[in-house]
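Participant:
Protein chains: 2
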Amino acid sequence: MTGQILASWRDGSARQAIVDFVHATTTPGAEFVEPADRIATFDNDGTLWVEQPLPPQFDFVFRTWAEEVKADPSLAAQQPYKALIEKDAEFFKGLAAQDPTVMETLLKAFTRSWAGKTPEEFDAQVREWTGTAKHPKLGAPYGELVYRPMLELFALLHANDFRVFVCSGGGRDFMRVLAEETWGIPQENVIGTAAAYTYADGKLIRSRELLGSLDLGAGKPEHIFAHTGRLPVFAGGNADVDIEMLQSARFALLVSHDDDEREFSYTTGAETSLTKAMELGWTLVSMKNDWVTVF
Amino acid sequence: MTGQILASWRDGSARQAIVDFVHATTTPGAEFVEPADRIATFDNDGTLWVEQPLPPQFDFVFRTWAEEVKADPSLAAQQPYKALIEKDAEFFKGLAAQDPTVMETLLKAFTRSWAGKTPEEFDAQVREWTGTAKHPKLGAPYGELVYRPMLELFALLHANDFRVFVCSGGGRDFMRVLAEETWGIPQENVIGTAAAYTYADGKLIRSRELLGSLDLGAGKPEHIFAHTGRLPVFAGGNADVDIEMLQSARFALLVSHDDDEREFSYTTGAETSLTKAMELGWTLVSMKNDWVTVF
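Quick mapping for you: the protein sequence lines, in order, are chains A and B.
The numbering used here numbers the first residue of the first sequence as 1 and each following residue consecutively.
The numbering used here numbers the first residue of the second sequence as 296 and each following residue consecutively.
1. Which stretch, first to last residue, makes up the alpha helix (DSSP H) that contains F154 (chain A)?
2. Return the CA-CA distance between A159 (chain A) and R38 (chain A), expressed in angstroms with no decimal places.
3. Strictly under 9 Å for the Cβ-Cβ distance: is P516 (chain B) near chain D by that measure?
4. V190 (chain A) CB to nearest chain B CB: under 9 Å?
5. In angstroms with no decimal places, state the Cα-to-Cα distance between K377 (chain B) and L370 (chain B).
6. Out of B:D418, B:V550, B:T523 and B:T578, which has the shortest C-alpha to C-alpha gap to W344 (chain B)?
7. In whole angstroms, what separates the C-alpha of V241 (chain A) from that of T193 (chain A)?
8. With a CB to CB cut of under 7 Å and the five nearest residues on each side skipped, what residues in its chain are close to M175 (chain A)?
9. Under a Cβ-count criterion, where at least 16 other Cβ atoms within 10 Å of its own Cβ denotes burial, should Q16 (chain A) be classed as buried or exposed?
10. For M150 (chain A), is the classification buried or exposed, using 16 other Cβ atoms within 10 angstroms of its Cβ as the cut-off for buried?
11. Looking only at C-alpha atoms, which of A:T118, A:W65, A:H135 and A:A14 sits nearest to R112 (chain A)?
12. Just to confirm the assignment: which complete alpha helix (DSSP H) runs, minimum length 4, are found wholly within the stretch 371 to 449 of chain B?
13. Select from B:E381, B:Y494 and B:V356 the residue whose C-alpha is nearest the C-alpha of E244 (chain A).
14. Can you check whether the C-beta of G281 (chain A) is within less than 9 Å of a C-beta belonging to chain B?
15. Does DSSP classify V166 (chain A) as helix, strand or coil?
16. Which residues, in order along the stretch 24 to 46 of chain A, keep a beta-carbon less than 9 Å from a beta-carbon of chain B?
17. Taking a contact to mean a Cβ-Cβ separation below 9 Å, would you say P80 (chain A) touches T105 (chain A) in this structure?
18. So with CB distances below 7 Å, who are the chain A contacts of T523 (chain B)?
19. What three-state label does DSSP hand S8 (chain A) in the structure shown?
20. Identify the continuous alpha helix (DSSP H) that holds R176 (chain A) and give its terminal residues.
21. Decide yes or no for the touch test of the stretch 541 to 561 of chain B against the stretch 574 to 585 of chain B: beta carbon pairs closer than 8 Å, at least 3 of them.
22. Measure the C-alpha to C-alpha separation of E90 (chain A) and V294 (chain A) and round it to an integer number of angstroms.
23. Leaving out five residues before and five after G411 (chain B) in sequence, what residues of the same chain have Cβ atoms less than 7 Å from its Cβ?
24. Would a check of beta-carbon distances place Q542 (chain B) closer than 9 Å to chain A?
25. Does D173 (chain A) come within less than 9 Å of chain B when only Cβ atoms are used?
26. If you compare alpha carbons, which of B:A547, B:T427, B:Y561 and B:A491 is closest to H577 (chain B)?
27. Give, in chain order, every residue of the stretch 234 to 245 of chain A whose Cβ lies closer than 8 Å to some Cβ of chain B.
28. For D456 (chain B), which residues in the same chain have their Cβ closer than 6 Å to its Cβ, ignoring the five residues on either side in sequence?
29. Using a C-beta to C-beta distance shorter than 9 Å, which residues of chain A count as neighbours of A419 (chain B)?
30. Return helix, strand or coil for D201 (chain A), following the three-state DSSP convention.
31. Excluding the 5 residues flanking T297 (chain B) on each side, which residues of the same chain have their C-beta closer than 6 Å to its C-beta?
32. Residues of the stretch 488 to 500 of chain B in Cβ contact with chain A at a cutoff of 8 Å, in chain order, please.
33. Kindly list the residues whose CB is nearer than 7 Å to the CB of F417 (chain B), restricted to its own chain and excluding five residues on each side of it in sequence; keep chain order.
34. Whether or not the stretch 499 to 519 of chain B and the stretch 317 to 325 of chain B are in contact is what I'm after, with contact meaning three or more pairs of Cβ atoms, one per stretch, closer than 8 Å; do they touch?
35. Could you tell me the alpha carbon to alpha carbon distance between S543 (chain B) and L569 (chain B), rounded to whole angstroms?
36. Rounded to whole angstroms, what is the Cα-Cα separation between D201 (chain A) and E558 (chain B)?
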């Protein structure tokens, strides 16, 4: 398939580093990796699709919260519902900054919104959103805001017997609805922050509890090992919450959002990871220079 | 591959039911199942290998406990170490009976024995055991006490684009050491009761905590859904702790241990599941009558 691979990637050091690494790990020699060990893991928000102005799952959950406030107007006085109604962008900046109080408030509202649902009910809610929601700046449905170069990277890895997993701080079950159609990977290869379920009377019901830790920071290698029994050979991310996952991999790829024309240009929430990339020799991908096509 | 499939299975209703179900779910028609949905899950102890006189992982953990008592003789006065030293079979019967006090005592000792280890240290300990331990009655290494007919069933399912998962109350990481060589399934397809890990300073360390519920009873469909995003189309088990998993599947296979000559004959811990099999039309597999070869 040479010649067709990574077609949306410009010739350059990032593309070359990927091609060289995949070749070295799949060819007999010092760098060879047994097929069983070929695990590749990718963050989602900002690595596989647009995460500005907020990760798309927020757009989804904001709809749910708006309905919850309608059903119980007393919520309007509480965070995060108050910030949503008042369009208080300052409050949500606490998310990018990983402010613990904001994170806890958001998490509580997240788990409240999903508790009591069956998997089918939750899936239907996500599909309703994917079918109707559009990005506020780019005007396209979120499913079209997946980076084509990353899907080509998945294809290259699959063709070389890597198993590709998505590992994101976002909701596991939210992402699983997208996994097969959008990424071409099976639902069981999606790792994320997850609701615990209880099974009773032949039915699964989402609880308010989380299963395990948040899938961010050190939680990423923890979740990846729990799910696969291995740490990644290849990992891709774009933010400070991906640092531990990238450090745990043999090959680390960091997407840099420097393309204000076709996407966004920002370093907020990624400052440390950009420094680490330099220090540790990670492969830095410039969206502007390395990608012929973004979407 | 017809003619070669399920070669160790006698012609009979169990074999026929399996062949018919796999054919119906992979052939266009009312029973067809999309490849993406073809999830098959199997219990391990008593379903894939011998579980008498105790599930093999107990033989493994007993060695660890013996070393712990050597290092700290005060443990000898406490359960379950006391029962181990005194060869108190009565105490361990509480396990088959799911006695909550016995279960809790055992679990505490299990988690104590694994805490603080890296994955590599734990794997090495399991490999030391698989390389040396033998079954007390059958005299063979445990790795040879895997049921050949079940491996043939895995092969049939794999050939028909089912993804096969093992889902057992036993330790996830213990089973993962066996998964690829013994069952021919990737480590990430092993679901089990699991230690939580923490990742710090570039290292994963097992904690004393469990990640999620015990993978028994209702815990089985909970774990399967958490891991795969689906419930099984095909499930195999052998005990009361498999009932919920079998009920959650479209096709349920229950292994009946009725072969005192080649293996063991017992119904302890499986009484309710045998009744359910009759009630709900599950496929009952008689080890004695349905299997030409056991190992």
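Beta carbons are placed, not taken as given, at the ideal position from N, Cα and C, and that holds for glycine.
Facilitator: By the coordinates alone:
1. Its alpha helix (DSSP H) spans residues R148 to A159.
2. Each residue's Cα considered, the two are about 12 Å apart.
3. Chain labels in this structure do not include chain D; the protein chains are A and B.
4. Yes, contact with chain B.
5. So the two alpha carbons sit approximately 8 Å from each other.
6. Of the listed residues, the one whose Cα sits closest to W344 (chain B) is B:V550.
7. V241 (chain A) and T193 (chain A): Cα-Cα distance of roughly 13 Å.
8. The beta carbon of M175 (chain A) is closer than 7 Å to those of N44, V166, S168, V190 and G192 in its chain, skipping five residues each way along the sequence.
9. It is exposed - the Cβ of Q16 (chain A) has fewer than 16 other Cβ atoms within 10 Å.
10. The residue is buried, with at least 16 neighbouring Cβ atoms inside 10 Å.
11. Considering only alpha carbons, the answer is A:W65.
12. 376 to 380, 384 to 391, 395 to 409 and 414 to 427, all fully within the stretch 371 to 449 of chain B.
13. Of B:E381, B:Y494 and B:V356, the residue nearest in Cα terms is B:Y494.
14. G281 (chain A) does not count as touching chain B.
15. Reduced to three states, the DSSP call for V166 (chain A) is strand.
16. If the cut-off is 9 Å between Cβ atoms, the stretch 24 to 46 of chain A has A36 and I39 near chain B.
17. Taking 9 Å as the Cβ cut-off, P80 (chain A) and T105 (chain A) qualify as a contacting pair.
18. Result: Q187 and E188.
19. S8 (chain A): coil per DSSP, three-state reduction.
20. It spans R172 to L178 - the alpha helix (DSSP H) in which R176 (chain A) sits, taken as one unbroken run.
21. Of all C-beta pairs linking the stretch 541 to 561 of chain B to the stretch 574 to 585 of chain B, three or more are shorter than 8 Å, placing the two stretches in contact.
22. Near 29 Å, if we compare the C-alpha coordinates of V294 (chain A) and E90 (chain A).
23. Only I500 and R501 meet the Cβ criterion.
24. At a cut-off of 9 Å between C-beta atoms, Q542 (chain B) counts as an interface residue with respect to chain A.
25. Chain B contact via Cβ: present.
26. Going by the sequence as given, residue 577 (chain B) is Trp instead of His. Closest option to W577 (chain B), Cα to Cα, is B:A547.
27. Residues passing the 8 Å Cβ filter: E244.
28. P330 and R333, listed in sequence order.
29. In chain order: nothing, as chain A lies at least about 15 Å away.
30. Shown here, D201 (chain A) sits in coil according to DSSP, grouped into three states, outside any helix or strand.
31. Confidence in T297 (chain B) is poor, its pLDDT being 49 and thus under 50, which makes the residue's placement too unreliable to answer from.
32. Residues passing the 8 Å Cβ filter: A489, A491, Y492, T493, Y494, A495, G497 and L499.
33. Contacts found: W409, D468 and R501.
34. At 8 Å Cβ cutoff, the stretches do not touch.
35. Across the structure, S543 (chain B) and L569 (chain B) are spaced so that their CA atoms are roughly 16 Å apart.
36. Their Cα atoms are separated by approximately 35 Å.
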